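Final position of the sequence shown in the working numbering is 339; the numbers increase by one with none missing.
What follows is one structure encoded as structure tokens, with my remarks underneath.
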Amino acid sequence: ELAAEVWDNGNEFFPATSFQISNIHAGTGANNVIPADIEVVFNFRFSTEVTAEQLKARTEAILAKHGLNYDLAWSLSGQPFLTAKGELVAASVEAIKEVAGIDTELSTSGGTSDGRFIAPTGAQVLELGPINATIHKINECVNVADLDALTKMYEGILVRLLAK
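Here it is, written out as structure tokens:
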């Protein structure tokens, strides 16, 4: 039921919140012993349309209605965030256009980010990195030429911001 629940519908910047099971284990490993308990590790990939507290409350309500004996240990790795268009975004868009010749699209599709630790300070947060076609895969790598272009983009961003 948790996996089928519609937590929200997302918004123009985020896909709908999803419930992800990352690990399930129970028992001793013997095939003739009924396990006394089961442990399920899960997480939410959530949008700005729902809060961590709302997810907790709804999860506990779903579990409680089934009369389960359970313990939950919650750990929040970070809140979803959005950076409004401002000087950092403008400088980045211009530098990317200058170096790569492309019009950028602001997106939150890059996955979990360390920006989640900076955003609560109120700073503008923008992540710009190499093409991540092999991210989290065996033999993860980047093209050296992409790093050269990225360095030029960073320089262009700094020049624009520091010139003001």
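Idealized CB from N, CA, C, for every residue including glycine.
Remember, it's a predicted structure, so these values are computed and weren't measured experimentally.
Linking F188 to G242 through their CA atoms gives a straight-line distance of about 37 Å. By the beta-carbon neighbour count (other beta carbons within 10 angstroms, threshold 16), I271 is buried. Approximately 17 Å separates the beta-carbon atoms of E273 and K339; this is outside 8 Å, ruling out the contact. Annotation: the continuous alpha helix (DSSP H) that includes S267 extends over 262 to 275.
Approximately 18 Å separates the beta-carbon atoms of R335 and A259; this is outside 8 Å, ruling out the contact. Nearest C-alpha to L301 among E224, A179, V268: V268. In the DSSP assignment, the residues bridged to A201 are I213. By the Cβ neighbour-count rule, F221 is buried, with 16 or more other Cβ atoms within 10 Å of its own. Per DSSP, the unbroken alpha helix (DSSP H) holding D321 starts and ends at 319 to 337.
DSSP lists F194 as the bridge partner or partners of F219.
When Cβ pairs closer than 8 Å are counted between the two stretches, the region 212 to 226 is seen not to touch the region 313 to 329, the count staying below three.
Scanning its chain for C-beta atoms nearer than 8 Å, with the 5 sequence neighbours on each side dropped, one finds around P305 the residues V317, N318, D321, L322, L325, in chain order. Here the alpha carbon of V181 sits roughly 36 Å from the alpha carbon of V208. Put simply, of L177, I196, E330 the residue whose alpha carbon is nearest the alpha carbon of A236 is L177.
Annotation for G242: no alpha helix (DSSP H) segment contains it, and DSSP assigns it neither H nor E.
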